[in-house]
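Sequential numbering from 44 applies to the sequence shown in the numbering used here.
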Amino acid sequence: MNKPSLIFSALSHLLLYPDDVMRQQLSEVRDILREERRLSEATRRALLAFAEDLQQGDGWDVQEMYVNLFDRTRSLSLHIFEHVHGESRDRGQAMVDLINLYQEHGLVLQAENHELPDYVPLFLEFLSTLETDAAHDLLKEPLHVLQAIGARLRQRDSAYGLIFSALEELAGVRSLIATENDEEQDIDEAWQDAEVRFLDAATPSCRPQTATAMRGE
44 MNKPSLIFSA LSHLLLYPDD VMRQQLSEVR DILREERRLS EATRRALLAF
94 AEDLQQGDGW DVQEMYVNLF DRTRSLSLHI FEHVHGESRD RGQAMVDLIN
144 LYQEHGLVLQ AENHELPDYV PLFLEFLSTL ETDAAHDLLK EPLHVLQAIG
194 ARLRQRDSAY GLIFSALEEL AGVRSLIATE NDEEQDIDEA WQDAEVRFLD
244 AATPSCRPQT ATAMRGE
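Okay, structure coming up:
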């Protein structure tokens, strides 16, 4: 049945800042991963092991690892349009377009949610509200950006790269391989990315959702 897929919600959760609340909810994420059959057995096992490491690891260590990767490394930013538009004015319009897309599908961002609409975990949570076919179609819009982030994470031997490998697997594409010089380049320069607009997305049915703060809801 073409119904919403919880796998996007599970992958979204794995990309959140690993505070105590996030880590306490990892048991539910692991339950979803165990039931998921659209991912290969190897990918599911790797993600389950990663989720367990996050849950059982030292809190300070896993949080420091996250900050060093995603908050202090621009080429690994989890904000899609930062890689595509940088600080240009086009980024603002792209944000508006994405917010409008969320609203058209019943997803309302609340004021207390401090994350921008192009935050990858928020985008993946949005995909989890859509019917599977529609979610996969929308996943392809920023896929080149997600692939490049994943390639750089794998280049660093980071287990977070597993999440992006899973997204590539769901989209039916091969994983990109980063080169040594890509770390110093913008993602659009490194991979000759196309623009991410979301303007041609179809309007599938979905259940209304309200987005709360992604870190510690």
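Built from N, CA and C at the ideal position, the CB exists for glycine as well.
| query | result |
| --- | --- |
| Pro47 - DSSP class collapsed to helix/strand/coil | strand |
| Neighbourhood of Gln136 by C-beta, 7 angstroms cutoff - its chain only, sequence neighbours within 5 removed | none |
| Nearest-angstrom Cβ-Cβ length linking His122 and Asp161, presumed shorter than 8 angstroms | 5 angstroms |
| Nonlocal neighbours in the same chain, by C-beta distance under 7 angstroms from Lys183, ignoring five residues either side | Ala214 |
| Extent of the continuous beta strand (DSSP E) run through Val151 | 150–152 |
| Helix, strand or coil at Asp62 according to DSSP, with G and I counted as helix | coil |
| Contact the stretch 88–106 vs the stretch 167–187: 3+ CB pairs below 8 angstroms | no |
| Leu57 (DSSP reduced to helix, strand or coil) | helix |
| Proximity below 9 angstroms, CB of Ser201 to CB of Thr86 | no |
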